[in-house]
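Single-structure report; data block below.
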Amino acid sequence: MTRPGPVLSRRRFLTGAAAGGMAGAALLASPRSLLALTSNDLPAPLQRMDGDWQLTFQDDFDDLHRFQQTWDRMRIGGDGHPTMRYPRNVVMQEGELDLKLGHQADPKRPFTGGYVRTRTFRQTYGYFECEMRIAREAGVNNAFWLISDRETEGDTHFELDVAEVKYPNIVQVSARRWRPEKKVLAASYRAHIRLDDTFHRYAMLWTRQGFRFYVDDMEVFDAPNDFAHTPALLLLSNAVAPFAGKNDGDVAGAATSIRTVRVFQNTSA
Numbered sequence: 013m014t015r016p017g018p019v020l021s022r023r024r025f026l027t028g029a030a031a032g033g034m035a036g037a038a039l040l041a042s043p044r045s046l047l048a049l050t051s052n053d054l055p056a057p058l059q060r061m062d063g064d065w066q067l068t069f070q071d072d073f074d075d076l077h078r079f080q081q082t083w084d085r086m087r088i089g090g091d092g093h094p095t096m097r098y099p100r101n102v103v104m105q106e107g108e109l110d111l112k113l114g115h116q117a118d119p120k121r122p123f124t125g126g127y128v129r130t131r132t133f134r135q136t137y138g139y140f141e142c143e144m145r146i147a148r149e150a151g152v153n154n155a156f157w158l159i160s161d162r163e164t165e166g167d168t169h170f171e172l173d174v175a176e177v178k179y180p181n182i183v184q185v186s187a188r189r190w191r192p193e194k195k196v197l198a199a200s201y202r203a204h205i206r207l208d209d210t211f212h213r214y215a216m217l218w219t220r221q222g223f224r225f226y227v228d229d230m231e232v233f234d235a236p237n238d239f240a241h242t243p244a245l246l247l248l249s250n251a252v253a254p255f256a257g258k259n260d261g262d263v264a265g266a267a268t269s270i271r272t273v274r275v276f277q278n279t280s281a
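Right, here's the structure in full:
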């Protein structure tokens, strides 16, 4: 993930229902076939929309073999923070994916964390949702996000932050174009409850026309889309980072936990 940039374009906090149809979706790979759903199976925001919504991706983190086929555990640092993410910090157990935080003897990157991304799954447009319990530590960025695939992005590289969550109750959402010209559409939402006590839903509707972001099925921000029109992959990560607030220096034993990730596609658009 990257350090939050300046907020550009419009910024609105909403509580109403989302509107508008989906543009054509491009699905390159998925761990399962398209599954038709009844309205009761859909996330609450999609139940209020028109369209033929189908499940294109789901992982409940209860099958290690499927997890290993679906996700890459990454060894990666990052810009603007002193954290190194290692495959060993990614642990699947009891129906949860835990991105464990820790320490190492490296003065430049004294903290460790976890980072996974989808091996083959890519999708353009859709509804992207995860259930996540953030680490009970200040100064940690707990993230569910998408980035454009370098194989198909052309000249436009973008990042969609479905949720960058900071203890105890701050959710930052954004759509960012990094190339050819930087553009940032972002907002922060402060929940009225702590977000580390239990799992909460974080979601984004991505269409040809715009983005809509949700926390526990409530819409918190929308923005127009004039740059994100190619397939993107899914990422889950955490990091001790100055842009997430001040940490107390001891994060051992804390973890970001994810219970499920789901992606939907409107096949009638």
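Read in order, the letters of the sequence shown correspond to residues 13 to 281 in my numbering.
Ideal Cβ placement from N, Cα and C applies to all residues, glycine included.
Note that the structure is a prediction, hence the values are computed from the model and not measured.
When the options are compared against residue i, the one with the closest alpha-carbon
{"i": "T236", "options": "Q221, D229, T242 and V227", "result": "Thr is not the amino acid found at residue 236; the sequence shown has Pro there. For the residues Q221, D229, T242 and V227, the minimum Cα distance to P236 belongs to Q221."}
{"i": "L158", "options": "N278, S280, T279 and V273", "result": "V273"}
{"i": "A150", "options": "T268, F276 and V275", "result": "T268"}
{"i": "L172", "options": "L58, V152, L197 and R213", "result": "L197"}
{"i": "W190", "options": "F170, K178, I182 and Y139", "result": "F170"}
{"i": "M61", "options": "T219, H241 and Q135", "result": "T219"}
{"i": "S280", "options": "D53, L54 and D64", "result": "D64"}
{"i": "A264", "options": "N101, F73 and L54", "result": "N101"}
{"i": "E163", "options": "K195, P55, T242 and R97", "result": "T242"}
{"i": "D118", "options": "F73, T95 and L207", "result": "T95"}
{"i": "L207", "options": "I182, Q105 and A240", "result": "I182"}
{"i": "Q135", "options": "L217, T124 and Q105", "result": "L217"}
{"i": "P55", "options": "A175, L247, N154 and E231", "result": "E231"}
{"i": "R224", "options": "T168, H204, Q184 and P180", "result": "Q184"}
{"i": "D238", "options": "E106, K194, R97 and R131", "result": "K194"}
{"i": "T124", "options": "L58, R131, R97 and D228", "result": "R97"}
Other residues of its chain near residue i: CB distance less than 8 Å, five sequence neighbours each side excluded
{"i": "P43", "result": "Low confidence applies here, because P43 scores a pLDDT of 47, under 50, leaving its location unreliable and the question unanswered by this model."}
{"i": "E108", "result": "F73, S269, I270 and R271"}
{"i": "P122", "result": "P94, H115 and Q116"}
{"i": "A266", "result": "K112, L113, A147, R148, E149 and V152"}
Per DSSP, the bridge partner or partners of residue i
{"i": "K178", "result": "I182"}
{"i": "S249", "result": "Y127 and A155"}
{"i": "A244", "result": "Q135 and S160"}
{"i": "F225", "result": "M216 and F233"}
{"i": "Q80", "result": "Per DSSP, none; premise fails for Q80."}
Residues near residue i by beta carbon distance below 6 Å, same chain, minus five either side
{"i": "Q277", "result": "A37, Q66, T68 and G138"}
{"i": "R143", "result": "Looking at the sequence provided, one finds Glu at residue 143 rather than Arg. Result list for E143: F211, R213, R271 and T272, in chain order."}
{"i": "R85", "result": "P99, V102 and V128"}
{"i": "A215", "result": "E141 and Y226"}
{"i": "D262", "result": "none"}
Close Cβ partners of residue i (< 7 Å) along its chain, the five nearest in sequence each way excluded
{"i": "G166", "result": "T242"}
{"i": "L39", "result": "Note that L39 scores a pLDDT of 38, beneath 50, so its modelled location is shaky; the value from the coordinates is reported in the next line. Excluding positions up to five away in sequence, the list reads T68, Q135 and Q277."}
{"i": "A256", "result": "G151, V152, N153 and K178"}
{"i": "K120", "result": "P94"}
{"i": "D228", "result": "H212 and R213"}
Flag this pair as touching only if the segment 242 to 253 and the segment 86 to 95 have three or more C-beta atom pairs under 8 Å; answer yes or no. yes
The segment 107 to 124 touching the segment 180 to 195, judged by at least three CB pairs closer than 8 Å: no
Could I get the ranges of all uninterrupted beta strand (DSSP E) runs contained in the segment 111 to 165, with 3 residues as the minimum, in chain order? 123 to 125, 127 to 130, 134 to 136, 138 to 145 and 152 to 160
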